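Protein chains in written order, with this note's numbering: chain G, 53 to 535; chain A, 53 to 535; chain R, 53 to 535; chain D, 53 to 535.
Ideal Cβ placement from N, Cα and C applies to all residues, glycine included.
Source: prediction; values computed, not measured.
Number of protein chains: 4
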Amino acid sequence: MNHRRCATLALAAAVWGAPLAAAPAKGKAALQKTKAEAIASIERHRAELVSLSDQVWGFAETALRETRSAKVLADYAEQQGFRVERGVAGMPTAFIASYGEGRPVIGIMGEYDALPGLSQKAVPSREILAEGAPGHGCGHNLFGAASLGAAVAIKEAIAAGKLAGTIRFYGTPAEESVGGKVYMVRAGLFKDVDVALAWHPDTENRPDTQGGQAIVDMIVEFKGKTAHAAFDPWNGRSALDGLELMTHAINLMREHVKPTVRLHYVIANGGNVPNVVPEYAKLWLWVRDVERAGLEDVLARVRKAAEGAALAAGVESRITVQAGDYEMLVNQAGARLLHANLVALGPIAYTADEDKFARTLQASAGVEAKGMNTGVRSLEGQENQGGSTDVGDVSWNVPTLHVSIATAPAGVPWHAWPVVAAGGMSIGHKGMVLAAKTLATTMADLFDDAAAREAVVAEFREKTKGFTYKAYIPDSPPPLPTN
Amino acid sequence: MNHRRCATLALAAAVWGAPLAAAPAKGKAALQKTKAEAIASIERHRAELVSLSDQVWGFAETALRETRSAKVLADYAEQQGFRVERGVAGMPTAFIASYGEGRPVIGIMGEYDALPGLSQKAVPSREILAEGAPGHGCGHNLFGAASLGAAVAIKEAIAAGKLAGTIRFYGTPAEESVGGKVYMVRAGLFKDVDVALAWHPDTENRPDTQGGQAIVDMIVEFKGKTAHAAFDPWNGRSALDGLELMTHAINLMREHVKPTVRLHYVIANGGNVPNVVPEYAKLWLWVRDVERAGLEDVLARVRKAAEGAALAAGVESRITVQAGDYEMLVNQAGARLLHANLVALGPIAYTADEDKFARTLQASAGVEAKGMNTGVRSLEGQENQGGSTDVGDVSWNVPTLHVSIATAPAGVPWHAWPVVAAGGMSIGHKGMVLAAKTLATTMADLFDDAAAREAVVAEFREKTKGFTYKAYIPDSPPPLPTN
Amino acid sequence: MNHRRCATLALAAAVWGAPLAAAPAKGKAALQKTKAEAIASIERHRAELVSLSDQVWGFAETALRETRSAKVLADYAEQQGFRVERGVAGMPTAFIASYGEGRPVIGIMGEYDALPGLSQKAVPSREILAEGAPGHGCGHNLFGAASLGAAVAIKEAIAAGKLAGTIRFYGTPAEESVGGKVYMVRAGLFKDVDVALAWHPDTENRPDTQGGQAIVDMIVEFKGKTAHAAFDPWNGRSALDGLELMTHAINLMREHVKPTVRLHYVIANGGNVPNVVPEYAKLWLWVRDVERAGLEDVLARVRKAAEGAALAAGVESRITVQAGDYEMLVNQAGARLLHANLVALGPIAYTADEDKFARTLQASAGVEAKGMNTGVRSLEGQENQGGSTDVGDVSWNVPTLHVSIATAPAGVPWHAWPVVAAGGMSIGHKGMVLAAKTLATTMADLFDDAAAREAVVAEFREKTKGFTYKAYIPDSPPPLPTN
Amino acid sequence: MNHRRCATLALAAAVWGAPLAAAPAKGKAALQKTKAEAIASIERHRAELVSLSDQVWGFAETALRETRSAKVLADYAEQQGFRVERGVAGMPTAFIASYGEGRPVIGIMGEYDALPGLSQKAVPSREILAEGAPGHGCGHNLFGAASLGAAVAIKEAIAAGKLAGTIRFYGTPAEESVGGKVYMVRAGLFKDVDVALAWHPDTENRPDTQGGQAIVDMIVEFKGKTAHAAFDPWNGRSALDGLELMTHAINLMREHVKPTVRLHYVIANGGNVPNVVPEYAKLWLWVRDVERAGLEDVLARVRKAAEGAALAAGVESRITVQAGDYEMLVNQAGARLLHANLVALGPIAYTADEDKFARTLQASAGVEAKGMNTGVRSLEGQENQGGSTDVGDVSWNVPTLHVSIATAPAGVPWHAWPVVAAGGMSIGHKGMVLAAKTLATTMADLFDDAAAREAVVAEFREKTKGFTYKAYIPDSPPPLPTN
């Protein structure tokens, strides 16, 4: 979930599955053994994974500047025997690490970008580590390390001849802005993948069955004609007038869009100095809906709002879509696999200190101090909490499984210091390990159980019948950092 | 000056010419004699003119419904020997009364439409004559009678062989709305006129040297798509949204028009019932500027504001220009003739009762009770008080002279009951007689003094060089009353 | 459901109960017999009930003008032996008809007001009966007759000694505007009622388990200072400016209210003539939410929006709440009783002609021509379709059961001529009879089965614990018609 | 004229006095001799004055950072024998240089602050001297040097016993922003001054008889409550909503202020990122009118607009007046003295190269290339071109004479590179010298001719009768630069 868009604050979860109730989907002994070995692999590499996560947490590099973060992950993959291709899709911090040959090709995604201004020590009260520096307020340090850990476990199974096919780790940068995965999809890097997996740090454990929101991130620029605002304002045509008419149109439009639509904006440039009739103004606008189809309709109207506002104000407008994600295409068959494995793995046991840490964070956030969620959410009855991620774009191109794992206590604000704090200590580490195990065992299912894999793929095919993917990004390379 | 537009509230007049100082422009004895006879004619017909004025005051018929008013004036003209053509330019209450042959052709305009809801007795306090009925709140009962009286005086001079040419009285209906003269101009009825004259009731005596404002009166309609406002508002496109965006655009535009521009509107239809997303909305908008050229520029922008607002709201817009006047093209040479005659005629002498009547009106209006203005305003230093009249359109087609004569005390609100009251008694009558004499003597100049007439025409030609007239009315016949 | 607010257009209903599956809730033979006799009573009076309905349909009288409609219903009740009190709660067309003594007191409501401008013949294409006249576009002719028919059936059971207690028919006028029941509640007329019942014509058969929306209907007036819009607009303070700022505030507010809130308005007065800076402007605004609590919060903000807009425009504002309904407090125990009886009564059998009539209406509305709904909607999975009714206010004062019965084919627009047409012929009549039977049998339960009645009352008590009712109407008598 | 406010673009000047026609007001030989010697002094120091001007032009230091500029001027004054007090009124770059004793006390103001981003070489085409650096786009390098040159000439006359009294040079920083003179007035530094003088670079020679505009520069801040714009926007109250309502109110207000009022704004902060409901927004607004009285009325309404907008949006507002100037109180008696001296000094003779330079600048600005204005504008018929200066505040505290001198060709944009170019070469230098001579000879009149001085003072007293000065600045010290 990204900075621009994330909204995964877990609400009170009314319906929970019994944590130990479910049995493995298949009783096949070999597969069970492979899974047990994958779990053992992750435990064996645990210290390395924690170290990777902590390093990335310490680097705290923001979108497309994750040089060191990408390097430690890619280097580790290389050390573990993966073939690593760096700088893919035109992004220096994007990479792919592969192992094995042939089909099936199972991809697993890992993120590692931080958020600006969130520097925080791994303590349960507000203590800044480095003034003004970024911090991992969305837990992506855990995200990358866990996914890579799962990939290593599968690699070892392939190397040991227990599984056959290709495991591919996608180092996906810049989720919080830009949307690195969208560029990787466009570059064709997911083309031959049978099934892809991802997870996300959260405040509960939940195989996801809701798709969040599709989003478009756009800039609307207005260009007028300047004049002296006191001397000859009649010779001016204010770009800001155009912008204000457009925001008025947007606000009127709110009555005439479905309740699932969200429109939100800031005025990024509203003129320089009062004396001068503004010849330039800039609106930064996001549009969301739970489905891309609804979004498209609203987008078309937003475009007309810009055009009409400009016409009415005697100025010009230009819309630039600078990013955008699809809502996630949920795969129920995949969610069932994730759920079974997650339940089988059992709940995390937190120490008294960890419990106190979690409750302290909750207390400081003013929410009920009830500690960490340890149960597993049922597949039914999940509400769509909103939020957007570039995993959405992957999910419309290949069958994608997505799971959320608790790495911070319920109720604390996301994209905020408590998430940084919990993600830099053992609570985060334990969530990361559970994520790695859940992903690894589910990948074992996908490699070994052709029927299960086929069910995932068939559901995807059914749901995308007649659909053609078109990315919400400009026809240009990814924007690279200017510094 | 019309109902929609009038703004002739005389401000404190700092610069007044000495009422008796000016001598006749020409010393020619014959002309002087003709003028004296014209004045005598008006005195001779005074009772008839007062009767005509009082009848029209009593009829109090509004625009294009002035059936009886037009009839008494046209009948009187016929009785006086004029050839009368009724129902000209597609308007049953428009008529032309002519006498004489050949050039020059001098036209004189007379109005007779009343204003809705202004019924009032001829007394100096608020007393309604007939509940809800119209009243002559702009003094047009005096306007028609005075002009016709002047025409009769000239007719007698022609009949007596003192003057040669054609005198033509234009019975011009519907000044307060519609703009009857604009349709008469379009019908070519002024084509062969050498010079036209008009006057208007006022609170001071003033040969006009300011042109007022050009105006356009338009309807902007918006058409959207209805829906149930509670159940499925997302299926609706609100016409009112379009309207509100347009008014916002208009208000933003105010910063970017010259200070002489006026834009004002009311929302004539803003939806029927809240439950229904309005599929129709209607704005009634007037645009003015002191010059048509400036008006045209603003008009073009207003059209874009409507179009852009509709586009931004997802609805449709339609603009209908339903009326419009040019600003009056001032003729300075003509104003000098009017001024000389007005000064020569000397001030009106009011009785003590009339003076008391005037002061009572002023007191009730909360302004200084200083009685009637009797002086004559100088040609220089007049401020443009705004206001619009369809005489403006005539003035861009033929040289037009315009004079204002006091028929109500300074400071009382125009288009209001005090004007009705004063116009129905001797204060109004005295102003009417002075207007008739001023117009008749000035017409004598124009018939007899070729050089004076030529100066008037030459100034007009110079000022309209390269100009092409295009009326601000739809390409349709005048709107006739529906009841 | 009322004119201002109704939105009961049945959507595709995914989950239907099997029409014949359910058995009566109680097997007690006596009660079953009483029910059978009630059903027989209704069949016996069928022709009279159809006649009452058709008379009211023909009168088509709008809110608080239902003189003849109220009279035929009250007269019929009197003829049937009820004690009738007319003109209750300050409304000449409100009445109460009672029979029996002591507890329990069961009330049943009947409406009979029509909607303006909907005159239509009882034919399946648009044919106006009387130009400009009202019509029964919400089926209230059926509503009143069915409820009264049910009351008569119960009265006969009481008279026969089969049931004990008091049956009370409430003739409730002016649902479509004003909200007559709110005034009747305020007058204390429901104070001693144990349980109340109501039904409403619809396009499906559904014991209601969703409460619709609470609504407030308000007028916001702005008062400024007039001035001549061309001559001295700077001396004016436009009331319309205040109004336009308020609507802008309302539209901005849309982002910051819950998706269940609805705000909709029309501009009822937006000035008279452009020449005059408007000194008066009037907004007509409705606010709704699915719960009164949410509504109250929005209301408080709307009040500030008016106040702030006026302050910002230099004018004054005044809010008058002129009507308002609570959302309906659903009684699940009651809904189960209704469901059981409705299912037991079995589906309506339509003739081929009726079926053709229904399909013709659907075709003309552009929806799928699948004829009448005959099934019974399940209690679970009903969506809240919105819409408001003054039954809501009753439901917060006494336990209230509400059922919808199909009287028009699915998909046709409500408050429109197809509803008038179907309500004036046998499709409407059959629905009316089914409604009467459902209500009568359910009342039999309530009289006879103390446990069932107690469950209804207990649920009500539980749900209203700590709640104090305060009507959304001004502290003045009901507004009576002015003509 | 300052950066925020300047509008001295000379329009076509219809009425010009004959440059050589006027004779000295007084024939007194001694005064004439003193004037001649003052002129000679300025010629004697010419190279030094040019050097001072060029140094300040080269430093190009912006408001309150004019450290080196203030130093060279203050050092020069000290070298010339003035007593210098530096860092007055809490501003390190403000200073006062005095010479002589007793009355009369004649003050002369000099400015020296530059404008950001206007760096330009002294060549007639756009050539940047230092990228991104400031430049003297308002000619204040000439302003300071000329005024100081005039002061030195008077000092020499006092030293020589030709004049008696005190000459005081005010080094007034930060005219372009902040308004240094307002703080100097508040500190009481002008209290004992009999008459003050100032000039300004311009495109024509004009003793000023129009006062420009009073101005207030304010910040309007809105504070709301943040929330996640996709997840729970209903919990947010957008500060930007408040701001947008206020700008709407401002735009509606435009119809209801006099045509002389100007309101202009930019949106300085319109939120950070779309995902977050803005809890802070900032409007930067200037209000002007030709008279402070009118300004005060509009200010009061603007305050209510902010308050009302905040109320309507459920947020808070705060207005901070950060600067403000009075309109200049014109002194006609003083203007006559300036006019006589300016005419007597005769026109500047430009070389062919200078002429070509001026025409090249005009050509590049797209205006008629007619070279420099050399005539002297009449005192009558000057139009108020708008623009504001902190000299205005001085003028309401002591009688103030103000003259404009051509230092750039007519028609080129002010606050732009052509002004920088012309002010750094001989065209600017010649204007500076003429300004110095005009000011010196006029000061000679004021020292020597008690009647002339008394006329100036008497006019001031008459015009300020009953007036109490209150500065438009916060009750805090001047804002000092942060870097």
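{"query": "Ordered list of beta strand (DSSP E) runs contained in the region 272 to 345 of chain D, each at least 3 residues", "result": "314 to 321 and 332 to 341"}
{"query": "Close beta carbons around residue 263(R), own chain, < 6 Å, minus the five adjacent residues each side", "result": "379, 380 and 382"}
{"query": "Backbone secondary structure at residue 146(R) - three-state DSSP", "result": "coil"}
{"query": "Local conformation of residue 158(G) per DSSP, three classes", "result": "strand"}
{"query": "Beta-carbon proximity list for residue 259(G), same chain, < 6 Å, skipping 5 on both sides", "result": "387, 390, 391 and 455"}
{"query": "Cβ-based burial, residue 422(D) [other Cβ within 10 Å; buried from 16]", "result": "exposed"}
{"query": "Inter-residue Cα distance where the pair is residue 618(R) and residue 204(G)", "result": "With chain R covering only 53 through 535, there is no way to say anything about residue 618(R)."}
{"query": "Cα-Cα separation between residue 289(G) and residue 370(G), rounded to whole angstroms", "result": "16 Å"}
{"query": "Within the region 388 to 454 of chain G, ranges of the alpha helix (DSSP H) (whole runs, at least 4 residues)", "result": "404 to 416 and 443 to 447"}
{"query": "Proximal chain R residues relative to residue 293(D), where beta-carbon distance stays under 7 Å", "result": "304"}
{"query": "Sub-8 Å separation of residue 579(D) and residue 225(D) beta-carbons", "result": "No information on residue 579(D) is available, as it lies outside the stretch 53 to 535 that chain D covers here."}
{"query": "At least 3 beta-carbon pairs within less than 8 Å: the region 268 to 288 of chain A vs the region 190 to 209 of chain A", "result": "no"}
{"query": "The beta strand (DSSP E) enclosing residue 524(A), as first and last residue numbers", "result": "Looking at the DSSP string, residue 524(A) is not in any beta strand (DSSP E), and its letter there is neither H nor E."}
{"query": "Nearest candidate by alpha-carbon position, reference residue 165(A), set 428(A), 114(A), 487(A) and 195(A)", "result": "114(A)"}
{"query": "Cβ pair residue 304(A), residue 319(A) closer than 8 Å", "result": "no"}
{"query": "Chain A within 8 Å of residue 285(D), Cβ atoms only", "result": "no"}
{"query": "Partners in chain A for residue 343(D), counting only beta-carbon separations shorter than 9 Å", "result": "Residues of chain A passing the Cβ test: none, with the nearest at roughly 16 Å."}
{"query": "Own chain partners of residue 450(R) with C-beta closer than 8 Å, once the 5 adjacent residues on each side are dropped", "result": "159, 242, 245, 246, 247, 248 and 512"}
{"query": "Coarse secondary structure for residue 222(D), derived from DSSP in three states", "result": "strand"}
{"query": "Cα-Cα separation, residue 433(A) to residue 488(A)", "result": "26 Å"}
{"query": "Residue-level contact to chain D via CB, residue 379(A), 8 Å cutoff", "result": "no"}
{"query": "Local conformation of residue 495(D) per DSSP, three classes", "result": "helix"}
{"query": "Neighbour flag for residue 280(G) against chain A, beta carbons, 8 Å", "result": "no"}
{"query": "Validate contact between the region 489 to 500 of chain R and the region 249 to 256 of chain R using beta carbons, cut 8 Å, 3 pairs", "result": "yes"}
{"query": "Positions along the region 353 to 368 of chain A whose CB lies within less than 9 Å of some CB in chain G", "result": "353, 356, 357, 358, 359, 360, 361, 362, 363, 364, 365 and 366"}
{"query": "C-alpha distance - residue 291(R) paired with residue 367(R), whole-angstrom precision", "result": "6 Å"}
{"query": "Residue burial classification, residue 119(R) (beta-carbon count within 10 angstroms, cutoff 16)", "result": "exposed"}
{"query": "Residues within the region 295 to 328 of chain R neighbouring chain G, beta-carbon criterion of under 8 Å", "result": "300, 303, 304, 306, 307, 311, 312, 315 and 316"}
{"query": "CB-CB length for residue 374(R) against residue 236(R), believed under 8 Å", "result": "Actually they are not in contact, since the Cβ atoms of residue 374(R) and residue 236(R) sit about 17 Å apart, beyond 8 Å."}
{"query": "Three or more C-beta pairs below 8 Å linking the region 461 to 471 of chain A and the region 341 to 354 of chain A", "result": "no"}
{"query": "Cβ of residue 414(A) within 8 Å of any chain R Cβ", "result": "no"}
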